[in-house]
Amino acid sequence: MYVPFENLPEESKIWIYQSNRKFSDAEFAEIATDLEAFLENWAAHGTSLVSSFELKYNRFIIIAVDQEVQAATGCSIDSSVEFIQSLEKKYNVDLLDKMNVTFKLGEHIAHKPLIDFKKMVKDKAVTENTVVFNNLINNIQEYNESWEVPAIDSWHSRFF
Numbered sequence: 001m002y003v004p005f006e007n008l009p010e011e012s013k014i015w016i017y018q019s020n021r022k023f024s025d026a027e028f029a030e031i032a033t034d035l036e037a038f039l040e041n042w043a044a045h046g047t048s049l050v051s052s053f054e055l056k057y058n059r060f061i062i063i064a065v066d067q068e069v070q071a072a073t074g075c076s077i078d079s080s081v082e083f084i085q086s087l088e089k090k091y092n093v094d095l096l097d098k099m100n101v102t103f104k105l106g107e108h109i110a111h112k113p114l115i116d117f118k119k120m121v122k123d124k125a126v127t128e129n130t131v132v133f134n135n136l137i138n139n140i141q142e143y144n145e146s147w148e149v150p151a152i153d154s155w156h157s158r159f160f
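Each residue of the sequence shown is one higher than the last, beginning at 1 in full-length UniProt numbering.
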């Protein structure tokens with residue numbers, strides 16, 4: 001069951017998918033429609049999942065589920081991954097590769113393979129203060145507090 005994102009409790013589980021390219025506004029509008037339809041029918045063991053999404057920076061898809069009502073299970077998580085894979089095919093993007101880093105360069109959102117990010121650190125093209133997107137967070141509270149953080153305050157700090 002789809003609900004507005006702001007109606008979910010802070011403990012709600014989230015998954016963040018980052019695109020290797022920026023989506024157009026038209027693509028993001030289509031994705032929003034498709035996501036709402038998917039979440040309206042998303043269920044675990046026949047019980048609707050109270051869920052929502054946010055789309056950010058024309059690059060990120062954030063899916064959230066209120067685990068207190070009904071926890072997402074293996075099959076329901078698999079169906080969400082299948083949905084994300086369908087978006088990958090439809091838009092010819094990569095949303096599941098965790099070996100990439102997305103970060104801010106001024107107002108620009110950059111997306112680089114991890115090896116290139118490490119080289120940028122070595123070349124001092126990015127610093128400990130570069131804002132990175134920490135997609136390893138687990139719930140809405142962490143998303144609100146720790147998703148966009150200086151690299152030194154995330155798992156990226158090991159590269160400095």
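Heads up, the beta-carbon is just placed ideally off N, CA and C, and yes, glycines get one too.
Distance CB(residue i)-CB(residue j) smaller than 9 Å
i: ILE63; j: SER80; result: yes
i: ASN20; j: ASP116; result: no
i: ILE77; j: ILE16; result: no
i: LEU8; j: PHE83; result: no
i: GLU145; j: PHE133; result: no
i: MET1; j: GLU40; result: yes
i: LYS112; j: ASN100; result: yes
Outcome for residue i when other beta-carbon atoms lying within 10 angstroms are tallied against a minimum of 16
i: SER51; result: buried
i: TRP155; result: exposed
i: MET120; result: buried
i: ILE152; result: exposed
i: LEU87; result: buried
i: LEU160; result: The residue asked about is misnamed: residue 160 is Phe in this sequence, not Leu. So PHE160 counts as exposed.
i: GLN70; result: buried
i: LEU136; result: exposed
i: ASN138; result: exposed
i: GLN85; result: exposed
i: THR130; result: buried
Beta strand (DSSP E) segment containing residue i, residue limits
i: ILE61; result: 60-65
i: PRO113; result: 108-113
i: residue 161; result: What is shown of the chain runs 1 to 160, which leaves residue 161 out entirely.
Collapsed DSSP secondary structure at residue i in the structure displayed
i: VAL93; result: coil
i: ASN144; result: helix
i: LYS122; result: helix
i: ILE16; result: strand
i: LEU35; result: helix
i: ASN135; result: coil
i: ALA72; result: coil
i: VAL3; result: coil
i: GLU54; result: strand
i: SER79; result: helix
i: SER48; result: strand
Chain-order list of residues whose beta-carbon lies under 7 Å from that of residue i (same chain, five-residue window excluded)
i: ALA37; result: none
i: ALA72; result: LYS13, ALA44, LEU49 and VAL65
i: GLU54; result: PHE5 and ILE62
i: PHE28; result: LEU55 and ASN58
Close Cβ partners of residue i (< 8 Å) along its chain, the five nearest in sequence each way excluded
i: SER24; result: ASN58
i: ALA110; result: THR102, PHE103 and LYS104
i: GLN67; result: GLU11, SER12 and LYS13
i: PRO150; result: GLU128, ASN129, THR130, VAL131 and VAL132
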